[in-house]
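The sequence shown begins at 57 in this note's numbering and counts up one residue at a time.
Even for Gly, the Cβ is constructed at its ideal location relative to N, Cα and C.
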Amino acid sequence: MERRTINFSINLILIFILFLSEIHCVCKKVTTASGSLASKKFCSGDLIFEENFNKFNKKLWNHEISLYGGYNGEFQWYTNDRANAYTKEGKLFITPTLSYKYLPCKCYKALTSYTLNLSNCTNADHEGCSMTGRPNEIINPIRSARIKTDKSFRFKYGKIRIKAKTPRGPFLWPAIWMMPSNSVYGGWPNSGEIDIMESRGTDQILRGTEELGNRRVMQTLHFGKYHQFTETHNTNEEGFHKQFHLYKVDWKPEYIKFQVDNYPVHIFHGPFQGNYTKSINNIAPFDKQFYFIINLAIGGTNGYMPDDANYAPESKPYANSDGRRVGQTKYWNSKIWKGIENNPDESSLQVDYIKVWAF
(Lines of atoms letter the chains of each structure in order from A and count residues from 1; the text may use other names and numbers.)
(Lines give C-alpha, C1' and ligand atoms only; values in the text may rest on other atoms or scores of the structure.)
Protein backbone atom coordinates (compact mmCIF):
# COMPACT_ATOMS: atom_id res chain seq x y z
CA MET A 1 0.00 0.00 0.00
CA GLU A 2 2.81 2.39 0.95
CA ARG A 3 4.64 1.61 -2.33
CA ARG A 4 1.48 2.46 -4.33
CA THR A 5 1.20 5.79 -2.54
CA ILE A 6 4.83 6.62 -3.33
CA ASN A 7 4.41 5.68 -7.01
CA PHE A 8 1.21 7.73 -7.22
CA SER A 9 3.00 10.73 -5.69
CA ILE A 10 5.91 10.40 -8.12
CA ASN A 11 3.50 10.29 -11.07
CA LEU A 12 1.75 13.42 -9.84
CA ILE A 13 5.08 15.22 -9.52
CA LEU A 14 6.12 14.20 -13.05
CA ILE A 15 2.81 15.37 -14.50
CA PHE A 16 3.17 18.69 -12.65
CA ILE A 17 6.73 19.15 -13.98
CA LEU A 18 5.59 18.46 -17.54
CA PHE A 19 2.71 20.89 -17.10
CA LEU A 20 5.04 23.63 -15.87
CA SER A 21 7.47 22.93 -18.73
CA GLU A 22 4.69 23.32 -21.29
CA ILE A 23 3.56 26.60 -19.74
CA HIS A 24 7.13 27.88 -19.65
CA CYS A 25 7.65 26.89 -23.31
CA VAL A 26 4.49 28.61 -24.54
CA CYS A 27 5.19 31.77 -22.57
CA LYS A 28 8.79 32.09 -23.67
CA LYS A 29 8.65 31.88 -27.47
CA VAL A 30 8.20 34.97 -29.64
CA THR A 31 8.43 33.13 -32.98
CA THR A 32 5.24 32.30 -34.87
CA ALA A 33 4.85 30.07 -37.93
CA SER A 34 2.11 29.09 -40.37
CA GLY A 35 1.66 27.29 -43.67
CA SER A 36 0.89 23.77 -44.81
CA LEU A 37 4.25 22.37 -43.61
CA ALA A 38 4.88 24.63 -40.61
CA SER A 39 5.42 23.17 -37.15
CA LYS A 40 2.26 23.39 -35.07
CA LYS A 41 3.88 23.23 -31.64
CA PHE A 42 7.37 24.38 -30.76
CA CYS A 43 9.35 26.15 -28.08
CA SER A 44 12.08 28.76 -28.06
CA GLY A 45 15.28 27.09 -29.28
CA ASP A 46 13.50 24.43 -31.34
CA LEU A 47 14.47 23.78 -34.95
CA ILE A 48 11.26 24.69 -36.80
CA PHE A 49 12.45 24.50 -40.42
CA GLU A 50 15.12 22.32 -42.01
CA GLU A 51 15.63 21.87 -45.75
CA ASN A 52 18.64 19.74 -46.71
CA PHE A 53 17.69 19.34 -50.39
CA ASN A 54 17.99 15.57 -50.47
CA LYS A 55 15.22 15.79 -53.06
CA PHE A 56 13.22 18.59 -54.65
CA ASN A 57 10.21 18.96 -52.40
CA LYS A 58 7.32 20.16 -54.55
CA LYS A 59 5.07 20.44 -51.50
CA LEU A 60 7.49 22.90 -49.90
CA TRP A 61 8.63 24.97 -52.88
CA ASN A 62 6.21 26.86 -55.09
CA HIS A 63 7.43 27.97 -58.55
CA GLU A 64 6.95 31.26 -60.31
CA ILE A 65 6.22 30.76 -64.01
CA SER A 66 6.48 34.00 -65.95
CA LEU A 67 8.36 36.24 -68.39
CA TYR A 68 7.62 39.42 -66.43
CA GLY A 69 11.22 40.29 -65.54
CA GLY A 70 10.93 40.49 -61.76
CA TYR A 71 9.83 44.16 -61.89
CA ASN A 72 13.50 45.00 -62.48
CA GLY A 73 13.62 44.63 -66.26
CA GLU A 74 15.37 41.26 -65.93
CA PHE A 75 16.00 38.97 -68.90
CA GLN A 76 15.02 35.52 -67.60
CA TRP A 77 12.04 33.27 -68.20
CA TYR A 78 11.08 31.67 -64.88
CA THR A 79 10.01 28.03 -65.30
CA ASN A 80 9.07 25.03 -63.18
CA ASP A 81 11.39 22.81 -65.23
CA ARG A 82 13.79 20.45 -63.40
CA ALA A 83 16.47 21.63 -65.82
CA ASN A 84 16.38 24.96 -63.97
CA ALA A 85 15.70 23.93 -60.36
CA TYR A 86 16.85 20.52 -59.15
CA THR A 87 18.79 18.78 -56.41
CA LYS A 88 22.09 16.96 -56.76
CA GLU A 89 24.28 15.44 -54.05
CA GLY A 90 22.18 17.03 -51.32
CA LYS A 91 22.22 20.54 -52.76
CA LEU A 92 19.76 22.75 -54.59
CA PHE A 93 20.89 23.98 -58.00
CA ILE A 94 19.21 26.87 -59.78
CA THR A 95 20.74 26.70 -63.23
CA PRO A 96 20.27 29.05 -66.20
CA THR A 97 19.59 27.46 -69.60
CA LEU A 98 19.06 28.89 -73.08
CA SER A 99 15.45 29.61 -74.03
CA TYR A 100 15.72 28.91 -77.76
CA LYS A 101 16.35 25.21 -77.07
CA TYR A 102 12.83 24.94 -75.64
CA LEU A 103 11.05 26.71 -78.51
CA PRO A 104 9.56 24.80 -81.49
CA CYS A 105 12.42 25.02 -83.99
CA LYS A 106 15.16 24.94 -81.32
CA CYS A 107 16.89 27.74 -83.23
CA TYR A 108 17.94 31.33 -82.53
CA LYS A 109 15.34 32.60 -85.00
CA ALA A 110 12.52 31.57 -82.67
CA LEU A 111 13.56 34.29 -80.21
CA THR A 112 12.88 36.95 -82.86
CA SER A 113 9.59 35.67 -84.29
CA TYR A 114 7.79 33.13 -82.09
CA THR A 115 4.79 33.94 -79.88
CA LEU A 116 5.33 32.23 -76.53
CA ASN A 117 2.21 31.56 -74.45
CA LEU A 118 2.89 30.15 -70.98
CA SER A 119 0.55 27.61 -69.43
CA ASN A 120 0.15 27.80 -65.64
CA CYS A 121 1.54 31.34 -65.75
CA THR A 122 1.73 33.00 -62.32
CA ASN A 123 2.30 36.66 -63.26
CA ALA A 124 0.88 38.37 -66.35
CA ASP A 125 2.51 41.77 -65.75
CA HIS A 126 4.87 43.13 -68.41
CA GLU A 127 4.00 40.46 -71.01
CA GLY A 128 4.57 37.85 -68.34
CA CYS A 129 2.25 35.20 -69.79
CA SER A 130 2.53 35.91 -73.51
CA MET A 131 5.31 37.47 -75.55
CA THR A 132 6.04 37.75 -79.27
CA GLY A 133 9.64 37.93 -80.39
CA ARG A 134 10.80 40.62 -82.81
CA PRO A 135 14.25 41.20 -84.34
CA ASN A 136 15.01 44.12 -82.00
CA GLU A 137 12.91 42.86 -79.07
CA ILE A 138 13.50 39.16 -78.55
CA ILE A 139 11.79 36.78 -76.14
CA ASN A 140 13.55 36.44 -72.77
CA PRO A 141 16.70 34.56 -73.84
CA ILE A 142 17.58 32.69 -70.62
CA ARG A 143 15.48 30.29 -68.58
CA SER A 144 15.90 30.11 -64.81
CA ALA A 145 13.89 29.54 -61.62
CA ARG A 146 12.36 31.34 -58.68
CA ILE A 147 10.98 29.19 -55.86
CA LYS A 148 9.28 30.23 -52.63
CA THR A 149 7.58 28.93 -49.48
CA ASP A 150 4.64 31.34 -49.53
CA LYS A 151 2.11 28.51 -49.12
CA SER A 152 4.09 25.99 -47.07
CA PHE A 153 6.14 27.92 -44.49
CA ARG A 154 5.85 31.45 -43.19
CA PHE A 155 7.28 32.73 -39.93
CA LYS A 156 7.96 35.74 -37.76
CA TYR A 157 11.27 35.96 -35.85
CA GLY A 158 13.90 33.26 -35.86
CA LYS A 159 17.55 32.32 -36.14
CA ILE A 160 18.20 31.71 -39.84
CA ARG A 161 21.22 29.85 -41.21
CA ILE A 162 21.70 29.27 -44.95
CA LYS A 163 24.76 27.67 -46.51
CA ALA A 164 25.10 28.65 -50.17
CA LYS A 165 27.50 29.26 -53.03
CA THR A 166 26.93 32.12 -55.45
CA PRO A 167 27.15 31.61 -59.24
CA ARG A 168 29.85 32.96 -61.50
CA GLY A 169 28.85 34.31 -64.89
CA PRO A 170 28.22 37.60 -66.70
CA PHE A 171 25.18 39.51 -65.44
CA LEU A 172 23.90 36.74 -63.18
CA TRP A 173 21.87 38.07 -60.24
CA PRO A 174 21.39 35.51 -57.42
CA ALA A 175 19.23 36.20 -54.39
CA ILE A 176 18.01 34.46 -51.25
CA TRP A 177 15.46 36.70 -49.61
CA MET A 178 12.14 37.07 -47.80
CA MET A 179 8.87 38.85 -48.45
CA PRO A 180 5.86 39.43 -46.16
CA SER A 181 2.93 37.04 -46.35
CA ASN A 182 0.52 39.99 -46.30
CA SER A 183 1.18 43.61 -47.22
CA VAL A 184 -0.20 44.94 -43.94
CA TYR A 185 1.65 48.25 -44.22
CA GLY A 186 1.00 48.75 -47.94
CA GLY A 187 2.59 47.77 -51.24
CA TRP A 188 6.30 47.21 -51.71
CA PRO A 189 8.48 48.35 -50.05
CA ASN A 190 6.22 49.62 -47.24
CA SER A 191 5.62 46.14 -45.84
CA GLY A 192 9.30 45.23 -45.94
CA GLU A 193 11.79 42.94 -47.66
CA ILE A 194 14.68 41.03 -46.06
CA ASP A 195 17.58 40.21 -48.39
CA ILE A 196 19.63 37.44 -46.79
CA MET A 197 22.08 37.16 -49.70
CA GLU A 198 22.28 39.09 -52.93
CA SER A 199 25.21 39.29 -55.32
CA ARG A 200 26.32 39.64 -58.94
CA GLY A 201 27.98 36.92 -61.00
CA THR A 202 30.28 39.13 -63.07
CA ASP A 203 33.95 38.82 -62.07
CA GLN A 204 34.61 42.53 -61.76
CA ILE A 205 32.32 45.54 -61.64
CA LEU A 206 34.20 48.64 -60.54
CA ARG A 207 32.39 51.89 -59.89
CA GLY A 208 35.20 54.20 -58.91
CA THR A 209 36.96 52.23 -56.18
CA GLU A 210 33.82 50.31 -55.18
CA GLU A 211 33.81 46.62 -56.12
CA LEU A 212 30.34 45.35 -57.05
CA GLY A 213 31.20 42.02 -58.72
CA ASN A 214 31.23 38.47 -57.38
CA ARG A 215 33.67 39.33 -54.59
CA ARG A 216 30.84 41.14 -52.82
CA VAL A 217 27.57 40.00 -51.25
CA MET A 218 24.87 42.24 -49.79
CA GLN A 219 22.40 41.81 -46.95
CA THR A 220 19.69 44.45 -47.03
CA LEU A 221 16.42 45.61 -45.51
CA HIS A 222 13.89 47.45 -47.70
CA PHE A 223 11.12 49.49 -46.10
CA GLY A 224 9.26 52.80 -46.10
CA LYS A 225 7.06 54.73 -48.48
CA TYR A 226 9.95 56.18 -50.48
CA HIS A 227 11.92 52.94 -50.90
CA GLN A 228 14.33 53.45 -48.06
CA PHE A 229 16.83 50.70 -47.47
CA THR A 230 19.74 49.94 -45.23
CA GLU A 231 22.48 47.68 -46.56
CA THR A 232 25.51 45.91 -45.23
CA HIS A 233 27.99 44.09 -47.43
CA ASN A 234 30.98 41.79 -47.17
CA THR A 235 33.86 41.26 -49.57
CA ASN A 236 35.98 38.20 -50.24
CA GLU A 237 39.07 38.46 -52.42
CA GLU A 238 38.67 35.04 -54.04
CA GLY A 239 34.96 35.61 -54.68
CA PHE A 240 31.94 34.10 -52.96
CA HIS A 241 31.49 31.65 -55.85
CA LYS A 242 34.62 29.68 -54.96
CA GLN A 243 33.14 27.87 -51.97
CA PHE A 244 30.07 27.66 -49.77
CA HIS A 245 29.53 30.40 -47.19
CA LEU A 246 27.18 30.60 -44.23
CA TYR A 247 24.64 33.42 -44.34
CA LYS A 248 23.19 34.25 -40.93
CA VAL A 249 20.22 36.30 -39.80
CA ASP A 250 19.04 36.71 -36.22
CA TRP A 251 15.58 38.25 -36.49
CA LYS A 252 14.18 39.36 -33.16
CA PRO A 253 11.53 41.82 -31.94
CA GLU A 254 14.35 44.18 -30.94
CA TYR A 255 16.68 44.00 -33.96
CA ILE A 256 17.78 42.18 -37.12
CA LYS A 257 21.40 41.01 -37.16
CA PHE A 258 23.22 39.99 -40.35
CA GLN A 259 26.44 38.01 -40.65
CA VAL A 260 28.40 36.10 -43.30
CA ASP A 261 30.59 33.31 -41.89
CA ASN A 262 32.50 35.03 -39.09
CA TYR A 263 32.77 38.39 -40.82
CA PRO A 264 31.79 41.51 -38.85
CA VAL A 265 28.17 41.63 -37.84
CA HIS A 266 25.79 44.49 -38.62
CA ILE A 267 22.75 45.00 -36.42
CA PHE A 268 19.73 47.02 -37.56
CA HIS A 269 17.56 48.42 -34.79
CA GLY A 270 14.17 50.05 -35.22
CA PRO A 271 12.26 52.17 -35.48
CA PHE A 272 12.33 52.22 -39.28
CA GLN A 273 11.05 55.33 -41.03
CA GLY A 274 7.62 54.84 -42.57
CA ASN A 275 3.93 54.80 -41.79
CA TYR A 276 4.08 52.14 -39.10
CA THR A 277 1.68 53.64 -36.56
CA LYS A 278 -0.42 50.45 -36.73
CA SER A 279 2.33 48.64 -34.84
CA ILE A 280 3.54 49.00 -31.26
CA ASN A 281 6.82 47.31 -32.22
CA ASN A 282 9.97 49.24 -33.07
CA ILE A 283 10.90 46.55 -35.59
CA ALA A 284 7.89 47.26 -37.90
CA PRO A 285 7.42 46.45 -40.76
CA PHE A 286 9.46 43.39 -39.81
CA ASP A 287 6.96 42.32 -37.15
CA LYS A 288 4.85 40.14 -39.47
CA GLN A 289 5.33 36.70 -41.00
CA PHE A 290 7.64 36.43 -44.03
CA TYR A 291 8.45 33.56 -46.42
CA PHE A 292 11.60 32.42 -48.25
CA ILE A 293 12.39 33.12 -51.92
CA ILE A 294 15.36 31.73 -53.86
CA ASN A 295 16.01 32.84 -57.42
CA LEU A 296 18.62 33.43 -60.08
CA ALA A 297 17.88 36.40 -62.33
CA ILE A 298 19.81 37.60 -65.38
CA GLY A 299 20.58 41.18 -66.33
CA GLY A 300 18.09 43.89 -65.51
CA THR A 301 17.59 47.55 -66.36
CA ASN A 302 16.67 48.95 -62.93
CA GLY A 303 20.23 50.07 -62.11
CA TYR A 304 21.39 47.01 -60.17
CA MET A 305 23.79 46.48 -63.08
CA PRO A 306 24.98 50.12 -63.19
CA ASP A 307 25.90 51.88 -66.42
CA ASP A 308 28.60 54.00 -64.73
CA ALA A 309 30.91 51.09 -63.91
CA ASN A 310 33.72 49.15 -65.58
CA TYR A 311 32.92 45.47 -66.21
CA ALA A 312 35.48 42.71 -66.74
CA PRO A 313 36.17 40.39 -68.44
CA GLU A 314 33.07 41.27 -70.52
CA SER A 315 31.84 44.83 -70.89
CA LYS A 316 28.19 45.69 -70.43
CA PRO A 317 26.47 45.33 -73.84
CA TYR A 318 23.33 47.36 -73.06
CA ALA A 319 22.24 50.52 -71.24
CA ASN A 320 19.57 50.60 -68.57
CA SER A 321 17.73 53.22 -70.60
CA ASP A 322 17.26 50.62 -73.38
CA GLY A 323 14.48 48.96 -71.42
CA ARG A 324 14.06 45.23 -70.95
CA ARG A 325 13.15 44.03 -74.47
CA VAL A 326 15.91 45.98 -76.25
CA GLY A 327 18.37 45.37 -73.41
CA GLN A 328 17.97 41.60 -73.50
CA THR A 329 18.32 41.65 -77.30
CA LYS A 330 21.68 43.43 -77.00
CA TYR A 331 22.69 41.03 -74.24
CA TRP A 332 21.85 38.05 -76.46
CA ASN A 333 23.57 39.47 -79.54
CA SER A 334 26.78 40.04 -77.54
CA LYS A 335 27.03 36.26 -76.95
CA ILE A 336 28.47 36.75 -73.46
CA TRP A 337 25.96 34.13 -72.35
CA LYS A 338 28.19 31.41 -73.85
CA GLY A 339 30.13 31.29 -70.58
CA ILE A 340 26.90 30.40 -68.80
CA GLU A 341 26.09 27.66 -71.32
CA ASN A 342 29.55 26.10 -71.10
CA ASN A 343 29.77 26.03 -67.28
CA PRO A 344 26.38 25.00 -65.88
CA ASP A 345 27.55 24.12 -62.35
CA GLU A 346 29.63 27.27 -61.96
CA SER A 347 26.74 29.34 -63.32
CA SER A 348 24.31 27.85 -60.78
CA LEU A 349 23.18 29.26 -57.48
CA GLN A 350 23.77 26.36 -55.08
CA VAL A 351 22.20 25.96 -51.64
CA ASP A 352 23.35 23.28 -49.20
CA TYR A 353 20.77 23.84 -46.48
CA ILE A 354 18.33 26.24 -44.83
CA LYS A 355 17.59 26.03 -41.11
CA VAL A 356 15.45 28.14 -38.80
CA TRP A 357 15.32 27.99 -35.01
CA ALA A 358 12.62 29.64 -32.91
CA PHE A 359 13.30 32.49 -30.51
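Run of the beta strand (DSSP E) containing residue i, from where it starts to where it stops
i: Asn398; result: No beta strand (DSSP E) contains Asn398, which is instead part of the alpha helix (DSSP H) from 394-398.
i: Tyr241; result: First-last for Tyr241: undefined, no H or E at that position.
i: Lys411; result: 405-413
i: Glu294; result: Per DSSP, Glu294 belongs to no beta strand (DSSP E) and is neither H nor E.
i: Asp251; result: 249-255
i: Leu103; result: 103-107
i: Ser90; result: 88-90
i: Asn366; result: 366-368
i: Ser208; result: No beta strand (DSSP E) holds Ser208; DSSP gives it neither H nor E.
i: Phe324; result: 322-325
Beta-ladder partner(s) of residue i, from DSSP
i: Gln284; result: Phe279
i: Asp181; result: In the DSSP output, where bridge partners are listed per residue, Asp181 has none listed.
i: Val305; result: Ile216, Phe314
i: Trp133; result: Arg199
i: Val143; result: The sequence given here places Thr at residue 143; Val does not occur at that position. According to DSSP, which records beta bridges pairwise, Thr143 is partnered with Leu148.
i: Trp233; result: Asp251, Ile349
i: Leu262; result: Glu267, Asn366
i: Arg272; result: Thr291
i: Ile354; result: Leu228
Limits of the alpha helix (DSSP H) - the one that residue i falls within
i: Arg380; result: 380-390
i: Ala166; result: 165-169
Anticipated Cβ contact below 8 Å, residue i with residue j, distance rounded
i: Lys344; j: Ser169; result: About 46 Å; that fails the 8 Å criterion.
i: Met235; j: Tyr347; result: 6 Å
i: Val305; j: Ile203; result: About 19 Å; that fails the 8 Å criterion.
i: Thr385; j: Asn196; result: Not confirmed; about 10 Å, so no contact.
i: Asn455; j: Pro327; result: The structure shown has nothing for residue 455, since the chain only spans 57 to 415.
i: Phe342; j: Lys85; result: Their Cβ separation, rounded to whole angstroms, is 17 Å, which puts Phe342 and Lys85 out of contact at 8 Å.
i: Ala231; j: Asn351; result: 6 Å
Determine, using beta-carbon pairs with one atom in the region 306-315 and one in the region 354-370, whether at least three such pairs fall under 8 Å.
no
Do the region 249-261 and the region 128-145 meet, that is, are 3 or more Cβ pairs less than 8 Å apart?
no
Pairs of beta-carbons, one from the region 256-266 and one from the region 222-240, closer than 8 Å: are there three or more?
The region 222-240 and the region 256-266 touch, with three or more beta-carbon pairs separated by less than 8 Å.
Given 8 Å as the limit, is there contact between the region 189-203 and the region 112-125, that is, 3 or more CB pairs closer than that?
yes
Per the contact definition of three or more C-beta pairs closer than 8 Å, is the region 385-397 in contact with the region 272-292?
no
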